[in-house]
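Residue 198 in full-length UniProt numbering sits at position 198 of the sequence shown; the count goes up by one each step and never skips. Just so you know, even glycine gets a beta-carbon here, dropped at the ideal spot from N, CA and C. All remarks here apply to the structure that follows.
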Amino acid sequence: MNILETPSIQETISRIFMNETEKVTQLDGLERFFEVETQLMHEIHNLEKDRAKETLRELIDMLALHAGKDIIRTVRNYYIILSSVMARKLYEMRVPPKKAFAFNAACVELVDKHMNDSEFMYVADELIEFFTSIISERKQPSFGHQTVNKVVIFINDEVERDLSVEEIAKHFNISTSHLSRIFREHAGITLVEYLNVRRVEESQYYLRHSNKGISEISKQFHFCNQSYFTRIFKKYTSVTPKQFRDSQHIPYFRYTLPNAK
Numbered sequence: 001m002n003i004l005e006t007p008s009i010q011e012t013i014s015r016i017f018m019n020e021t022e023k024v025t026q027l028d029g030l031e032r033f034f035e036v037e038t039q040l041m042h043e044i045h046n047l048e049k050d051r052a053k054e055t056l057r058e059l060i061d062m063l064a065l066h067a068g069k070d071i072i073r074t075v076r077n078y079y080i081i082l083s084s085v086m087a088r089k090l091y092e093m094r095v096p097p098k099k100a101f102a103f104n105a106a107c108v109e110l111v112d113k114h115m116n117d118s119e120f121m122y123v124a125d126e127l128i129e130f131f132t133s134i135i136s137e138r139k140q141p142s143f144g145h146q147t148v149n150k151v152v153i154f155i156n157d158e159v160e161r162d163l164s165v166e167e168i169a170k171h172f173n174i175s176t177s178h179l180s181r182i183f184r185e186h187a188g189i190t191l192v193e194y195l196n197v198r199r200v201e202e203s204q205y206y207l208r209h210s211n212k213g214i215s216e217i218s219k220q221f222h223f224c225n226q227s228y229f230t231r232i233f234k235k236y237t238s239v240t241p242k243q244f245r246d247s248q249h250i251p252y253f254r255y256t257l258p259n260a261k
């Protein structure tokens with residue numbers, strides 16, 4: 001075939017589209033797939049983590065009926081599409097663009113690293129864990145002081161910055177002593193404790209899904225040294241960063257502020 005006879009990209013896509021249309025017309029229950037997917041989005045948005053995991057399994061079963069022997073590639077592609085949809089949802093929830101983009105990249109890396117015959121259901125659970133964690137950060141806190149609510153959102157958005165009480169106080173144009181007092185009064189823990197909690201929570205994804213060394217992750221989240229990182233990590237999770245990295249069965253640590261409504 002000479003170059004003039006080579007079909008264009010548009011022609012190729014059109015041909016694939018028509019072939020797929022003929023295939024799916026022979027399948028029953030396609031409306032159900034989109035209904036279940038809508039249900040999944042609702043469950044993620046409402047932080048119904050366990051239900052969302054079961055719903056995603058139902059979607060995978062539906063995809064398997066269509067994919068046949070090509071199930072791994074089909075599910076892998078669906079995970080990536082789902083991650084992109086979630087990144088868009090996060091952006092619509094006013095997550096900073098850089099964080100929404102990084103979220104999507106992290107999901108794709110997770111899929112690329114673990115997507116095989118033995119682990120694709122594990123990837124589904126990990127994605128739901130990640131989705132609900134990021135969504136929970138954007139849930140508007142309901143403390144009785146609006147500045148405290150804004151500080152929580154600010155820390156969630158900027159958790160990888162080297163934040164200090166002084167810098168946060170300056171950002172909100174209030175004194176450090178006043179900020180420390182109202183945060184502890186309304187949130188139930190000190191501001192320094194909350195900064196450490198969020199750093200520990202975020203560091204878990206890098207421990208489990210990146211090749212970065214523990215020392216490098218410690219520096220990334222601005223702990224003064226690896227020893228201090230290990231001590232703070234174990235304080236909240238009851239395991240060391242190495243133990244968490246080495247075992248996929250250790251659940252993610254999630255902290256609920258004592259005075260959260």
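- Here R198 is buried: its Cβ has 16 or more other Cβ atoms, across all protein chains shown, within 10 Å.
- For R231, the enclosing alpha helix (DSSP H) has its first and last residue at 226 to 237.
- The stretch 154 to 172 makes contact with the stretch 185 to 202: 3 or more CB pairs, one atom from each, lie closer than 8 angstroms.
- By the neighbour-count definition (other C-beta atoms within 10 Å, threshold 16), C107 is a buried residue.
- Judged by pairs of C-beta atoms under 8 angstroms, the stretch 142 to 150 touches the stretch 169 to 184, as three or more such pairs exist.
- Looking only at F130, D70, N225, the smallest Cα-Cα distance to N116 is reached by D70.
- Within the same chain, no Cβ atom closer than 7 angstroms to the Cβ of R88 is found once the five residues on either side in sequence are excluded.
- In this structure, I44 is the residue among I44, L40, E37 with its C-alpha nearest to the C-alpha of I135.
- Counted as a single uninterrupted DSSP element, the alpha helix (DSSP H) harbouring I134 occupies residues 120 to 138.
- Counting every other CB atom within 10 Å of its CB across the protein chains shown gives I9 a total below 16, marking it as exposed.
- Between T256 and V192, the alpha-carbon positions lie close to 15 angstroms from each other.
- With fewer than 16 neighbouring CB atoms inside 10 Å of its own CB, L30 falls in the exposed class.
- In this structure, M121 is the residue among I250, M121, H171, K234 with its C-alpha nearest to the C-alpha of L56.
- From the listed residues V75, L47, I217, the smallest Cα separation to L59 is found for V75.
- By the Cβ criterion, the stretch 222 to 241 is not in contact with the stretch 168 to 180, since fewer than three pairs of Cβ atoms, one from each stretch, lie closer than 8 angstroms.
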